[in-house]
Every structure is written in structure tokens, then in C-alpha cells.
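Novice: I'd like to ask some things about the structure below.
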Amino acid sequence: MERILIVGASGQIGSELTLGLRSIYGNENVYATDVKEAPPDIKDKGPFQFLDVMDDKHLIHFVIRNKITQIYHLAAVLSGNAEKLPTQAWHINMNSLMNILEVAKLVDEVKKVFWPSSIAVFGKSTPRKNSPQLSVMEPSTVYGISKLAGERWCEYYHKRYDLDIRSLRYPGLISFKTEPGGGTTDWAVEIYYDAVKKGSYTCFIEAGRTMPMLFMHDAIQATVKLMETDRSKLTCHTSYNITGFSISPGQVADDIGRYIPGFKISYKPDFRNSIAESWPHSIDDSLFRADIDWKPVFDLKKITDVMVEEVRKKLLKITN
Ligand code: SER
Numbered sequence: 053m054e055r056i057l058i059v060g061a062s063g064q065i066g067s068e069l070t071l072g073l074r075s076i077y078g079n080e081n082v083y084a085t086d087v088k089e090a091p092p093d094i095k096d097k098g099p100f101q102f103l104d105v106m107d108d109k110h111l112i113h114f115v116i117r118n119k120i121t122q123i124y125h126l127a128a129v130l131s132g133n134a135e136k137l138p139t140q141a142w143h144i145n146m147n148s149l150m151n152i153l154e155v156a157k158l159v160d161e162v163k164k165v166f167w168p169s170s171i172a173v174f175g176k177s178t179p180r181k182n183s184p185q186l187s188v189m190e191p192s193t194v195y196g197i198s199k200l201a202g203e204r205w206c207e208y209y210h211k212r213y214d215l216d217i218r219s220l221r222y223p224g225l226i227s228f229k230t231e232p233g234g235g236t237t238d239w240a241v242e243i244y245y246d247a248v249k250k251g252s253y254t255c256f257i258e259a260g261r262t263m264p265m266l267f268m269h270d271a272i273q274a275t276v277k278l279m280e281t282d283r284s285k286l287t288c289h290t291s292y293n294i295t296g297f298s299i300s301p302g303q304v305a306d307d308i309g310r311y312i313p314g315f316k317i318s319y320k321p322d323f324r325n326s327i328a329e330s331w332p333h334s335i336d337d338s339l340f341r342a343d344i345d346w347k348p349v350f351d352l353k354k355i356t357d358v359m360v361e362e363v364r365k366k367l368l369k370i371t372n
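So the number in the numbering used here is just where the residue sits in the sequence shown, counting from 1, plus 52.
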């Protein structure tokens, strides 16, 4: 019987992963936690509690008391926000991970940990097209540095303490349930909301800048599959590259035009465009696809179909 702790259950990934895991392991066995209020479908249908992952004593008590066997640690300060408060972001991103790794090491019942890394681990010296699993890595953002350091710590705990920790380097994640906050890839979600709400969008990334993306449905499938795969099949103990496809704001704007004729996009690149400039255009995730039998289902057209419809429904609910 698995008993799963989700740290960051109210966020963009957590709010969907919690529901996905509850449908597999049962509502009562997935403990959603966050420092923020959770959406009603998470709070009402299974356990939800306020838990600050920075409080290591509270964390270990929670894990022991609830006989937790798996931990998903999803809380982080994203790339754009991290640049505004670098030392605080470093403190939160690193110490929260260290608290989780220590708890997993100390509590025998905890058998597996999931922690997301990011394409932000790459930097300008990494080949930009099809960025390989193993490469030169010189991230230039606080977020990227913290994710790369985190990957090294995960591998250290795997080697030194035989901890089963699994990880994916997520690209930009596109979703409609919960909006991301403070990331460089947030434009790929904002564009759909503004298209439906206002028929126009001012993008903080330049028109032709191509970035790797993945639809949330595919990301959840990949994450669950990674966690369910037999440990002996995993050959990567830092973090696997993963991607869906690569797109630029100009391409998304054109595709939105299928639904919203006259949709207008204008460009006002800010500091996040410079962050994006240091990140890959596309990702080689062949190692992940070989170790885990997975491939994405959603391409840009399918995503636009779903996003426009779901954002419309959501906004209609709010206004009614
Ligand atoms: N979506 C993240 C960000 O933009 C990248 O992993 O910060």
C-alpha cells in the first residue's frame, strides 16, 4: 500500500499530479500539502494540510505520522521570480530539497522520491539544438544553478545512501487548471488566457524565440510512468531530459488565429527574454524514451484545441 506525500500540491504541476495519483492510489492515500490554499477538488476529496517544507521538524513528523512511502517535492521559486530575489530563491530551492533528501534518508518507510529539474540547467555553452542529456552545463540563472546543484545532490544521495530518487528536466509546461507563476515559459499559458479574454497579448519573449514545451497531460503521464518503472531499468540518476515539441510565440499566435480571427500579438521582451536566450531551442530526450516506454500525445494544434476550449469554459464559470 503506497502512501504519497505531495509538497506543492496547489501549484501548476501539483494540482494536476495530485488528482492523477489519487485516481491510481486512492484519494485517502495521497496527502496534498502546500503553504498556499488548494483548489476545492484537492481539498475536499482527500487529505490536504498546510505544510512548510522548509520546516524540517514538522516535515519529518508528518512523514512518520502518516507512514509516507513516496514523496513528490514540487515546490520551487521559478526562473523569473528567482532573479528578483536571488539569495532567497537559492535558500528555498536548495534547502527544501535537502530537507526532503534527509527525510527520505532517515525514514526507512520512504522508498521513492520525485523531484523536478528543468531545461534551465543548460546554458549558453550547451548545444542549443537537440540539447543532449550529457553536455557542458553552465546555467546563468539562480533557478538553473539551483536545479543543477540539486541534480548533483540527488545523484550523491543515490550513490551514497542508495536513495531511489527520480527526476525529469521539464521544459515549459502548458496547462489550463492552474496557471504557473514567475517562470520564463509562462507566456505559453498566458497567451491562451489573454487571447480568450481580450483577443490580444503582449509577449515578454520575442516572436521567433523557439522553446521546448510539454502539455501537462503528457507531463503527468511521463512522471507517473517514471515512478512506476522498475528501478533496475533506470540508467539516469541525475535527471532525464524530456520534451514534447518546440515552439515560438509567433507560431502559437498563428495557431490561435484558427479560433480567434484577428488575434493580435505584440512583443515587449523583458529580462525573461535574456533568460530564454540562454536555454535550449530543442531537447534530445531519447534516453528517457528508451528507458521508459513513453512518448507525448499533444502537439501544438491539439494543445490549442484544448486550451481555447478549457480557458473559455473556465472564464465563463467565473463570470456566471
Ligand atoms: N517553467 C520553468 C520556468 O520558466 C522552467 O522549468 O522557470
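The beta carbon of each residue, even a glycine, is placed where N, CA and C say it ideally should be.
Can you give me the start and stop residues for the beta strand (DSSP E) that Q101 sits inside?
Specialist: Taking the first residue of the sequence shown as 1, we reach residue 101 at position 49. Start and end: 100–102.
Novice: Output needed for L339: all residues of its chain with C-beta closer than 8 angstroms, excluding positions within five of it in sequence on either side, in chain order.
Specialist: Within the sequence shown, the letter at position 287 stands for residue 339. The answer, listed in chain order, is Q185, T287, C288, Y292, N293.
Novice: Identify which residue in I171, L137, L215, I144 has its Cα closest to the Cα of E161.
Specialist: Counting from 1 along the sequence shown, the entry for residue 161 is found at position 109. It is L215.
Novice: Just mark I76 as buried or exposed, buried being the case when its beta carbon has 16 or more other beta carbons within 10 Å.
Specialist: As a working note, residue 76 is residue 24 in the sequence shown. With fewer than 16 Cβ atoms within 10 Å of its Cβ, I76 is classed as exposed.
Novice: Taking only three categories from DSSP, how would you classify H125?
Specialist: Locating residue 125 in the sequence shown gives position 73, where the first residue counts as 1. Of the three classes helix, strand and coil, the one that applies to H125 here is strand, per DSSP.
Novice: Work out the CA separation of T356 and F350 for me, nearest whole Å.
Specialist: By 1-based counting over the sequence shown, the position of residue 350 is 298. By 1-based counting over the sequence shown, the position of residue 356 is 304. So the two alpha carbons sit approximately 10 angstroms from each other.
Novice: Just to confirm, does T295 get its C-beta within under 7 angstroms of one of the non-hydrogen atoms of ligand 1?
Specialist: If you number the sequence shown from 1, residue 295 lands on position 243. Flag unset: Cβ of T295 not near ligand 1.
Novice: Mapping DSSP to helix, strand and coil, what is D86?
Specialist: Residue numbering aside, residue 86 sits at position 34 when the sequence shown is read from its first letter. Of the three classes helix, strand and coil, the one that applies to D86 here is strand, per DSSP.
Novice: Where L158 and K354 are concerned, what is the direct C-alpha to C-alpha distance, given to the nearest angstrom?
Specialist: Counted from its first residue, the sequence shown places residue 158 at position 106. Counted from its first residue, the sequence shown places residue 354 at position 302. Distance between the alpha carbons of L158 and K354: 44 angstroms.
Novice: Can you give me the C-alpha to C-alpha distance between D238 and S227, rounded to a whole angstrom?
Specialist: On the sequence shown, residue 238 is found 186 positions in, with the first residue counted as 1. On the sequence shown, residue 227 is found 175 positions in, with the first residue counted as 1. When rounded, the distance between both Cα atoms is 10 angstroms.
Novice: What are the boundary residues of the beta strand (DSSP E) that G66 is part of?
Specialist: On the sequence shown, position 14 is the one that residue 66 refers to. No beta strand (DSSP E) holds G66; the alpha helix (DSSP H) holding it covers 66–77.
Novice: Any chance the CB of G66 is under 7 angstroms from a heavy atom of ligand 1?
Specialist: Position 14 of the sequence shown holds residue 66. Because no heavy atom of ligand 1 lies under 7 angstroms away, the Cβ of G66 does not count as near it: no.
Novice: Can you tell me where the alpha helix (DSSP H) holding K199 begins and where it ends?
Specialist: Your numbering for residue 199 matches position 147 in the sequence shown. That run of the alpha helix (DSSP H) goes 194–213.
Novice: Ignoring anything shorter than 3 residues or poking outside the region 241–321, list the beta strand (DSSP E) runs there in chain order.
Specialist: Whole beta strand (DSSP E) segments, 3+ residues: 252–255, 263–267, 297–299, 316–319.
Novice: With C-beta atoms as the reference, is L225 less than 8 angstroms away from M279?
Specialist: Numbered from 1 along the sequence shown, position 173 holds the residue referred to as residue 225. Numbered from 1 along the sequence shown, position 227 holds the residue referred to as residue 279. Cβ atoms of L225 and M279: not closer than 8 angstroms.
Novice: Identify whether I335 lies in helix, strand or coil by the three-state DSSP scheme.
Specialist: For this step, residue 335 is matched to residue 283 along the sequence shown. In the structure shown, I335 sits in a strand (DSSP, three-state: E or B).
Novice: For R324, I'd like the list of residues in its chain whose CB is within less than 6 angstroms of its CB, leaving aside the five on either flank, ordered along the chain.
Specialist: Within the sequence shown, numbered from 1, the residue matching residue 324 stands at position 272. Closer than 6 angstroms at the Cβ level, and outside the excluded window around R324, lie G132, T236, F256.
Novice: Should P232 be counted as a contact of ligand 2 given a C-beta to heavy atom distance under 7 angstroms?
Specialist: This structure lacks ligand 2; the ligands present are ligand 1.
Novice: Could you give the residue range of the alpha helix (DSSP H) that holds L352?
Specialist: Taking the sequence shown and counting its residues from 1, the one referred to as residue 352 is at position 300. Here the alpha helix (DSSP H) through L352 covers 352–371.
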